[in-house]
Structure formats: C-alpha cells, structure tokens
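Residue numbers (our numbering): 65 to 391.
Notes for the one structure printed next.
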Ligand code: COA
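So this is what it looks like as structure tokens:
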C-alpha cells in the first residue's frame, strides 16, 4: 500500500498557566457564609480556590499564561498568528480580552477575538484554532481560557458561590505536517442546546443593565445533564477516531465537580490515576479549567509526548464538547 501523505495538523507545542495569589479555603468561606468544608468537599471535591485581586483581570491573567506557553515552546510572541480567548468574564465588552493580551505580550502580527461558550470556551477555542490551522489561515495560535468568576458570583447564594475560582491557562498550537499516527489535534466535537439556557446563566451583562450580573444555577439539573452529555461526548470522540477507550492515556476533563469527573472516568474505564484532577485546588475556573489542568500535567511530566489525551467540557448554554489530542 502507498504510504499516506502527511497531514497538516495543529500540534500542541507549549502550555502555560496563571493562578491569582490569593487562596480561599472552604473554611475561609465558612467564616462568611453558612457553609462548611465538609459539605463542599463531600459534594464537589473542592477544598480551595484562587480569587483574583483587582489587578488580576482576565486580560492580565491570560497574558501571564500566554507568556508561559510561549516560553515553554521557545517561540517569540511576534510569531503568533492568532489569539483566541475563551472567557465569560472579559475586562471590557470591547475591545476583546484577546487584543489586550496581544498588546501585553507584543504579539504584533496576531489577530484575536474572544469566544463566549462558558465552561466549554477552551474546547470551542481549540476547535476554531484547529479549523484555521488546517485551512492554512494561520500557523501558530494561542488558545487561552481566562476567567474571574469571583466577580460574577452571588455571595448570598451558597449553592453557587462555593463552586468557582479564578485563573487562566494557555496552549500554543503550531501547524505541522505529520503522519497519521503523529502528534496534533485528531478531532473536536462541539454541541449546544439553547433550550437549557435557564439552568446555568449570568443574569445580566452590559446589554442588560437592569439585572445584577450574577451567576445563577440549578445545580441538580446541570449535574443530571453533565453526566449524560459528557458520557455521550466521550463516546462520540472515540467512535469518530475508531478508538476503544483503553487507547486513551489521559482524560483532562473540565473541572466542575469531582463526582462528574469520576463519572466520566468510570464510563471510559480509566483508572483515577489517568484522570487529571485540579478541582480540589482550583475549583471550577470555567474556560480556564482545562488548560490549567493540562498545563499542570504536562509541566510535571505526567503527560508525555506520543500520548493520547481526551479533553471534555460542559457549561452554560448548554454547551459541551470534546477534543482528542496526541502530544
Ligand atoms: N453549604 C451548605 N449547604 C448547602 C450549600 C453550601 N454551600 N449549598 C446548598 N446547601 C444545602 C441546600 O440549601 C440544601 O439544603 P436543604 O435540603 O435544607 O434545602 C442541601 O444543601 C442540598 O442542596 P442541593 O442543591 O440539592 O444539593 P446537591 O446535592 O444537588 O449538590 C451541587 C449541589 C451544586 C454540589 C450539585 O448539584 C452539583 O454539583 N451540580 C453540578 C454543578 C456544576 O458542576 N456546575 C458547573 C457546570 S459547568
């Protein structure tokens, strides 16, 4: 049989992360609201989260994470062609967080835009970057998730304010010609169901100043959908690539809740030691959670070149999806 010709793929060549300096433990929260470390830990696995100081905005944190990803890849900022930022908590309605990051890191040749898909923002961003790279539009793309949910939490609502944290993660993708079994993004699958918008949303934004702009959630409903939809997203990614679940080396899930993470890991038949978990230390950082977790596991040497990594997320919208990646 003739050797197959090389494919143009988006290959991950660097990761970076930024977490705000201030750590808030469950006990810290319990001093201000009617909750307890036991309740939060048992239901979610969360033990602490980082909360941003006023200067630690989505743009500031995203720029820090982007710089780290560029440094890890050994790539200069002016080589970057595009910056995509998944965020629901931008510094301004416009200009986008992406152009603030472009200026901060001096990515003088890059265009950039923000992408609003709540907790699925990073997966959506990867998918867009992948398409742009495969189409030959750009060669190097920074995909960033950066969020300051502490600014949209309602601290009168103990059912939501204990669940979220702030932070940013970034990856640098580079176009490369690779063999079919070589590195790169193998697939992305995106989904949305706007009929479920009412179970997880922010009640307001600059276009609706008549509402306070707080996160609102029906936790039980989100939980019910999360397990079903994420399990089907995982099956879809495997089927599209003709893979059995034991081919997956690592699951890097969106970090919303330990019980949801364990449920999807079980569905895949993956032992817990092959699932990357940061929710205990970061809580739910929305679009930032996957790149933060991915960075941690790449930086500490758990995820190694050649390994297959499955990413999945679900968030407000509802939006959900997956990305399958070979390092
Ligand atoms: N501390 C202490 N008690 C709390 C509490 C808190 N922080 N938050 C809620 N409670 C109480 C409720 O008031 C309720 O008390 P009641 O029975 O006296 O009325 C009780 O705990 C149970 O509340 P409920 O909301 O039914 O809890 P739950 O078992 O469904 O767990 C979540 C709540 C949020 C942990 C769970 O629904 C969940 O994880 N959902 C998914 C959320 C998620 O991942 N969202 C992000 C997706 S991107």
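Glycine residues also receive a C-beta, built at the ideal position from the N, C-alpha and C atoms.
Keep in mind that this is a model prediction, so the values were computed, not measured.
| query | result |
| --- | --- |
| For residue 409 and residue 84, I'd like the C-alpha separation in whole angstroms. | Outside the displayed span of the chain (65 to 391) sits residue 409, for which this structure offers no information. |
| Using only the heavy atoms of the ligand COA, determine whether one of them is closer than 8 Å to the beta carbon of residue 305. | no |
| Please give me, in chain order, every unbroken run of the beta strand (DSSP E) with length at least 3 that falls completely inside the stretch 90-131. | 112-115 |
| Around the Cβ of residue 228, are there at least 16 other Cβ atoms within 10 angstroms (buried) or fewer (exposed)? | buried |
| Assign residue 359 to one of three DSSP states: helix, strand, or coil. | helix |
| Run through DSSP, which three-state label would residue 227 get? | coil |
| Would you kindly work out how many angstroms separate the C-alpha atoms of residue 188 and residue 254, rounded to a whole number? | 7 Å |
| Assess contact between the stretch 182-198 and the stretch 346-360, defined as three or more Cβ pairs (one per stretch) separated by less than 8 Å. Is contact present? | yes |
| Can you tell me the Cα-Cα spacing of residue 248 and residue 314, whole angstroms? | 15 Å |
| What residue does the alpha helix (DSSP H) around residue 287 start on, and which one ends it? | 283-304 |
| Applying the 10 Å Cβ sphere with the 16-neighbour rule, what's the burial state of residue 224? | buried |
| Looking only at C-alpha atoms, which of 231, 152, 147, 174 sits nearest to residue 192? | 147 |
| DSSP three-state call for residue 256: helix, strand or coil? | strand |
| Which same chain residues end up closer than 6 Å to residue 144 when comparing Cβ atoms and leaving out the 5 residues on each side of it in sequence? | 171, 174, 204, 206 |
| For residue 108, is the beta carbon positioned less than 8 Å from some heavy atom of the ligand COA? | yes |
| Let me confirm a value: residue 270 is counted as buried when at least 16 other C-beta atoms fall within 10 Å, else exposed. Which label applies? | exposed |
| Starting from the C-beta of residue 268, find all residues in its chain whose C-beta is less than 8 Å away, skip the five residues before and the five after it, and write them out in chain order. | 274, 275, 276, 277, 278 |
| When the Cα of residue 86 is compared with those of 367, 292, 234, 212, which residue comes out closest? | 212 |
| In whole angstroms, what separates the C-alpha of residue 265 from that of residue 283? | 11 Å |
| Excluding the 5 residues flanking residue 168 on each side, which residues of the same chain have their C-beta closer than 6 Å to its C-beta? | 127 |
| Keeping to the same chain, check which residues put their C-beta closer than 7 Å to that of residue 373; ignore five residues upstream and five downstream. | 313, 314, 316, 367, 389, 391 |
| Once DSSP output is grouped into helix, strand and coil, what is the label at residue 326? | helix |
| Which residues in the same chain have their Cβ closer than 6 Å to the Cβ of residue 386, if we skip the five residues on either side of it in sequence? | 253, 297, 301, 376 |
| So, is residue 333 buried or exposed, given that buried needs 16 or more other C-beta atoms within 10 angstroms? | exposed |
| What number of angstroms, rounded off, separates the C-alpha of residue 65 from the C-alpha of residue 142? | Interpretation of residue 65 is limited by its pLDDT of 49, a score under 50 that renders its predicted location unreliable; no figure is taken from the coordinates. |
| Looking only at its chain, what residues have a beta carbon closer than 6 Å to the beta carbon of residue 285, apart from the 5 residues adjacent to it on each side? | 263 |
| Helix, strand or coil for residue 185 per DSSP? | helix |
| Do you know offhand how far residue 130's Cα is from residue 236's? | 8 Å |
| If I follow the unbroken beta strand (DSSP E) through residue 383, where does it start and stop? | 383-390 |
| Alpha carbon to alpha carbon, what distance is there between residue 382 and residue 257? | 5 Å |
| Return yes when the Cβ of residue 70 is within less than 9 Å of the Cβ of residue 243, no when it is not. | yes |
| Taking 8 Å as the cut-off, is the CB of residue 338 close to at least one heavy atom of the ligand COA? | no |
| Short of 6 Å in beta carbon distance, which residues of its chain neighbour residue 150, apart from the five on each side in sequence? Order them along the chain. | 179, 185, 186, 189, 209, 351 |
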